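Engineer: Below you will find the structure I want to go over with you.
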Amino acid sequence: MDLYDCIHKRRDTRHFTKDEVPEEVLLKALDAAHAAPSVGLTEPWRFLIVKSQEKKRDIKALFDDSNKRAKLGINNDKQHKLYSSLKLEAIEETPLGIALFCDHGMLEGFTIGTIGNSSTLEWSCACAVQNLWLSLTEQGYGAGWVSIMDYEKFEGLFDVPDTWQSLGYMCVGKPATDYGGEPMLQKENWKRRSEKPYIEYV
Ligand SMILES: Cc1cc2nc3c(=O)[nH]c(=O)nc-3n(C[C@H](O)[C@H](O)[C@H](O)COP(=O)(O)O)c2cc1C
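Each residue of the sequence shown is one higher than the one before, starting from 1 at the first, in full-length UniProt numbering.
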């Protein structure tokens with residue numbers, strides 16, 4: 001697939017078929033993730049592959065809890081109805097998931113580019129996730145990022161070092177739809193993609 005096709009075809013997917021994700025597809029995507037740029041070559045991304053239904057149930061419970069609170073916070077009736085109709089995860093339906101973490105332990109000692117700004121570690125992880133997402137797209141698979149959850153409780157579901165900070169969870173599988181080639185949130189009239197990126201020459 002052409003790079004630009006891949007960039008434009010990548011979707012945040014919440015509707016999947018029951019197809020398994022072959023090991024070689026996953027490994028290729030993780031390899032692409034690991035080729036991402038990172039501040040000071042820290043490579044702070046950490047991926048935990050989740051296959052057990054029990055763990056997925058625990059993650060889904062965290063999503064349900066946060067989603068319920070999100071709904072309670074909407075006092076506009078129309079917006080509440082629309083938000084409630086949106087499917088914003090596929091945790092239990094996807095054959096596997098990837099718990100995303102950023103290892104702040106990589107900051108021990110001096111490293112290039114992080115002085116005064118440790119968030120550059122998280123940005124590095126975002127670069128890796130985008131590579132992972134594009135690789136899955138190129139291979140005919142897809143992913144949906146779930147961030148609607150209490151990250152501290154999420155970290156508590158895994159036996160990870162204290163230096164690992166959660167960045168959410170990717171549901172991974174074979175997309176059942178491409179939402180007509182547009183973001184699902186646009187298709188469902190939640191929000192429209194803007195026409196152009198903001199650019200100004202100064
Ligand atoms: C950091 C991050 C967190 C996100 N969290 C969620 C989420 O919890 N649930 C959800 O349905 N979509 C989530 N999304 C997906 C966005 O809504 C989606 O990327 C956006 O609507 C554009 O659609 P597209 O990715 O298909 O182009 C998240 C995306 C990012 C980058």
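Ideal Cβ placement from N, Cα and C applies to all residues, glycine included.
Please read these numbers as outputs of a predicted model, since none were measured by experiment.
If you measure from each CB to the nearest heavy atom of ligand 1 and keep those under 5 Å, what residues do you get, in chain order?
Structural biologist: Here the residues come out as Arg11, Asp12, Leu88, Trp145, Val146, Ser147, Ile148, Pro183 and Leu185.
Engineer: Return the chain-ordered list of same chain residues with a C-beta closer than 8 Å to the C-beta of Leu96, the five sequence neighbours on each side being excluded.
Structural biologist: Residue numbering aside, residue 96 sits at position 96 when the sequence shown is read from its first letter. Hits under 8 Å: Val21, Leu26, Ile49, Val50, Lys51, Val172 and Gly173.
Engineer: Have a look at Tyr169 and Lys191 and give me their C-alpha separation to the nearest angstrom.
Structural biologist: The residue labelled residue 169 in the question sits at position 169 within the sequence shown. The residue labelled residue 191 in the question sits at position 191 within the sequence shown. If I take the Cα positions, the gap works out to 23 Å.
Engineer: Beta strand (DSSP E) containing Phe154: first to last residue?
Structural biologist: Residue mapping note: residue 154 aligns to position 154 of the sequence shown, counting from 1. It is not in any beta strand (DSSP E) - Phe154 instead sits in the alpha helix (DSSP H) that spans Tyr151 to Gly156.
Engineer: Which residues bound the beta strand (DSSP E) around Ala99?
Structural biologist: Working through the sequence shown from its first residue, we reach residue 99 at position 99. Leu96 to Asp103 is the extent of the beta strand (DSSP E) around Ala99.
Engineer: Quick check on DSSP: helix, strand or coil for Gln123?
Structural biologist: On the sequence shown, residue 123 is found 123 positions in, with the first residue counted as 1. The sequence given here has Trp at residue 123, not Gln. Three-state DSSP puts Trp123 in a helix.
Engineer: Helix or strand or just coil, what does DSSP make of Ala143?
Structural biologist: Numbered from 1 along the sequence shown, position 143 holds the residue referred to as residue 143. Three-state DSSP puts Ala143 in a strand.
Engineer: Taking the CB atoms as reference points, tell me whether Lys60 and Glu23 lie closer together than 8 Å.
Structural biologist: On the sequence shown, residue 60 is found 60 positions in, with the first residue counted as 1. On the sequence shown, residue 23 is found 23 positions in, with the first residue counted as 1. It is not a contact, given that the beta carbons lie outside the stated cut-off.
Engineer: Going by alpha carbons, who is nearest to Glu155 out of Leu82, Ala70, Val146 and Phe101?
Structural biologist: Counted from its first residue, the sequence shown places residue 155 at position 155. Out of Leu82, Ala70, Val146 and Phe101, Phe101 has the C-alpha closest to the C-alpha of Glu155.
Engineer: With DSSP collapsed to three states, give me the class of Tyr169.
Structural biologist: By 1-based counting over the sequence shown, the position of residue 169 is 169. If DSSP states are grouped into helix, strand and coil, Tyr169 belongs with the strands.
Engineer: Which residues mark the beginning and the end of the beta strand (DSSP E) in which Val50 is found?
Structural biologist: Numbered from its first residue, the sequence shown carries residue 50 at position 50. Val50 -> beta strand (DSSP E) spans Trp45 to Val50.
Engineer: My assumption, with CB atoms under 8 Å, is that His15 sits in contact with Ala128. Please give the rounded CB distance.
Structural biologist: By one-based count along the sequence shown, residue 15 stands at place 15. By one-based count along the sequence shown, residue 128 stands at place 128. About 25 Å; that fails the 8 Å criterion.
Engineer: Report the CB separation of Asp103 from Pro44 in whole angstroms; it is logged as a contact under 8 Å.
Structural biologist: The count along the sequence shown starts at 1 and reaches residue 103 at position 103. The count along the sequence shown starts at 1 and reaches residue 44 at position 44. About 5 Å; that satisfies the 8 Å criterion.
Engineer: Using 8 Å as the threshold, is the stretch 74-81 in touch with the stretch 128-148, meaning 3 or more CB pairs across them?
Structural biologist: In short, these stretches do not touch, since the Cβ pair count stays below three.
Engineer: Taking Phe63 as part of the alpha helix (DSSP H), name the residues at either end of that continuous run.
Structural biologist: Taking the first residue of the sequence shown as 1, we reach residue 63 at position 63. Gln53 to Leu72 is the span of the alpha helix (DSSP H), which, as asked, contains Phe63.
Engineer: The alpha helix (DSSP H) spanning Ser38 covers which residue range?
Structural biologist: Residue 38 sits at position 38 when you count from the first residue of the sequence shown. Counting along the chain, Ser38 falls outside any alpha helix (DSSP H), and DSSP gives it neither H nor E.
Engineer: Is the stretch 195-202 touching the stretch 136-153, taking contact as three or more C-beta pairs under 8 Å?
Structural biologist: Verdict: no, contact absent.
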